[in-house]
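Participant:
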Amino acid sequence: MDVRILPRPLRGAVVPPPGKSALHRLILCAGLSSGVSTIENAARSEDLDATLRCLAALGGRWEEPAPRVLRIAGAGRGPRQEGEPLPRFDCGESGTTLRFFLPAALVLRGGGIFTGRGRLMERPLQPYLKLFREKGILCQQQDGVLTVRGNLTPGEYRLPGDVSSQFFSGLLFALPLLDGASTIRAVTPLESADYVLMTQKALRLAGVATAAQTEPGCFQVSPAEYRPFAAAAEADWSQAAFWLAAAFPGEVIQINGLNFASVQGDRRIEDFFQELSAPGDRVIDLSSCPDLLPPLAVMAAVRTGTVRFVHAERTRLKESDRLSASAALINALGGTAREAPDALEVRGGTLYGGAVENFHDHRIVMAAAAAAAHCTEPVVIRGADAVKKSYPSFWDDYKRLGGDLDVL
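Residue numbers for the sequence shown follow this note's numbering, beginning at 1 and rising by one.
#1: Could you tell me if Cys260 is buried or exposed, where buried requires 16 or more neighbouring beta carbons within 10 angstroms of its beta carbon?
#2: By DSSP, does Val379 sit in helix, in strand, or in coil?
#3: Relative to the alpha-carbon of Leu317, which residue among Ser390, Asp342, Ala300, Gly112 has its alpha-carbon at the smallest distance?
#4: Is the number of C-beta pairs between the segment 330-347 and the segment 200-215 that are closer than 8 angstroms three or more?
#5: State the Cα-Cα distance for the pair Ile269 and Ser288, rounded to the nearest angstrom.
#6: Suppose contacts are defined by Cβ-Cβ distances below 7 angstroms. Is Ser390 in contact with Ser169 by that definition?
#7: Between Gly354 and the rest of its own chain, which residues show a CB-CB distance below 6 angstroms, the 5 nearest in sequence each way excluded?
#8: In the structure shown, what three-state DSSP assignment does Thr199 receive?
#9: Could you tell me whether any non-hydrogen atom of the ligand NAD is closer than 6 angstroms to the CB of Gly60?
#10: Note down, one range per segment and in chain order, each alpha helix (DSSP H) of at least 4 residues found wholly within the segment 165-233.
#11: Run the CB neighbour count on Val356, radius 10 Å, all protein chains shown included, and call it buried at 16 or more, exposed below.
#12: Can you tell me the Cα-Cα spacing of His374 and Glu339, whole angstroms?
#13: So, are the CB atoms of Ser37 and Phe229 less than 7 angstroms apart?
#14: Does the separation of the CB atoms of Ala297 and Val346 fall below 7 angstroms?
#15: So, do the segment 60-77 and the segment 121-136 have three or more beta carbon pairs nearer to each other than 8 angstroms?
#16: From the DSSP secondary-structure annotation, give me the bridge partner or partners of Pro67.
#17: Here's the rule I'm using: 16 or more other beta-carbon atoms within 10 Å means buried, otherwise exposed. How should Ala278 be labelled?
#18: Between which two residues does the alpha helix (DSSP H) holding Ile27 run?
#19: Does DSSP put Leu6 in a helix, a strand or coil?
#20: Starting from the C-beta of Arg133, find all residues in its chain whose C-beta is less than 8 angstroms away, skip the five residues before and the five after it, and write them out in chain order.
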């Protein structure tokens with residue numbers, strides 16, 4: 001689907017969808033319990049559907065008894081039948097799903113066969129594969145299919161902290177299911193640590209406690225039984241970021257439903273919004289919140305001064321090379337952006353309009369829509385339906401806020 005947007009300010013109130021990162025975690029915790037859990041404010045998206053598919057492959061069951069309500073019967077730690085075929089896990093394009101379910105599948109099913117779409121199977125998995133092979137687990141990747149077979153055992157698990165915190169979260173979910181204590185240790189500084197805090201919060205809801213040791217980036221995991229729970233997902237700060245970018249630097253859009261005490265790392269968008277609202281050159285460190293690059297690039301392009309986004313190399317490993325795609329988006333709309341291997345520099349000024357690609361990336365599409373509110377000429381976005389990956393109702397909300405768009 002391609003759309004053509006006529007530039008105009010957006011006004012009104014909007015409630016962002018529930019946090020996708022939190023929902024992945026709540027669904028997996030519910031799936032690892034031995035009872036029935038209820039999760040409210042659970043809006044569906046392509047990524048979350050991938051997690052629900054993998055939950056079923058793991059042995060859990062789910063239903064949607066009412067809109068935005070999930071009832072999940074967990075797989076528990078039932079006995080594994082020797083010689084049973086490995087389950088198949090279709091992870092779609094969800095990197096979170098893939099990295100969370102790999103360790104869980106090894107513990108509960110002795111492995112699995114993992115597939116995906118788009119760039120998913122090209123995204124970094126080496127920290128897991130190196131670790132698993134050290135533990136004697138078979139890992140075979142061919143033609144976009146990853147097969148793992150074996151058993152995780154209690155012990156020490158050493159991981160780089162600067163690739164993705166999702167590797168730490170995946171192990172934090174799986175290791176409590178073992179019959180002995182384990183340690184997870186970051187061998188380089190742990191980036192995006194707030195996402196690990198989100199994992200620990202979900203684990204506590206399910207009765208599983210993990211304590212970070214006095215040494216930073218080191219987690220002690222003890223055996224535990226997952227318990228069923230009831231919870232509600234809070235609104236997503238990473239999606240709110242696009243409405244803040246559309247409203248920048250004013251306050252014509254009222255964003256409701258956000259938790260200002262949230263552990264979501266992308267809550268930093270509020271501080272960045274305030275910082276960028278004043279003119280002048282700025283340097284912004286994205287090591288803890290790489291998903292904010294596209295909306296922040298839009299803000300940087302329509303202000304006075306130059307913004308340099310640093311420690312942004314991990315954005316190249318997302319659904320697209322998001323650093324390059326963000327630069328291309330700003331330049332296509334008449335702005336000035338220049339990429340470096342690990343940074344993006346955006347010079348403020350005026351955005352005019354034009355045609356932009358989606359780069360097969362939902363966040364680039366939403367950033368383009370936010371930028372259109374600042375342009376002087378129409379903006380055409382190719383592949384605008386990519387938003388279904390995380391925010392299926394995005395275009396409905398955009399129109400409710402006064403956005404003038406046509407489907408081409």
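Think of the CB as a built atom: it goes at the ideal place given N, C-alpha and C, for glycine as much as any other residue.
Facilitator: Result, derived from the coordinates:
#1: It should be pointed out that residue 260 corresponds to Phe in this sequence rather than to Cys. Looking at its Cβ environment, which holds fewer than 16 other Cβ atoms inside 10 Å, Phe260 is exposed.
#2: strand
#3: Asp342
#4: no
#5: Approximately 11 angstroms, taken between the alpha carbons.
#6: No.
#7: Ala332, Leu333
#8: helix
#9: As far as ligands go, the structure on display features none, and thus does not contain the ligand NAD.
#10: 166-174, 193-205
#11: Looking at its Cβ environment, which holds 16 or more other Cβ atoms inside 10 Å, Val356 is buried.
#12: Between His374 and Glu339, the alpha-carbon positions lie close to 22 angstroms from each other.
#13: yes
#14: At the C-beta level, Ala297 and Val346 come within 7 angstroms of one another.
#15: no
#16: Looking at the DSSP assignment, Pro67 forms no beta bridge with any residue, so it has no partner.
#17: exposed
#18: 20-31
#19: strand
#20: Cys139
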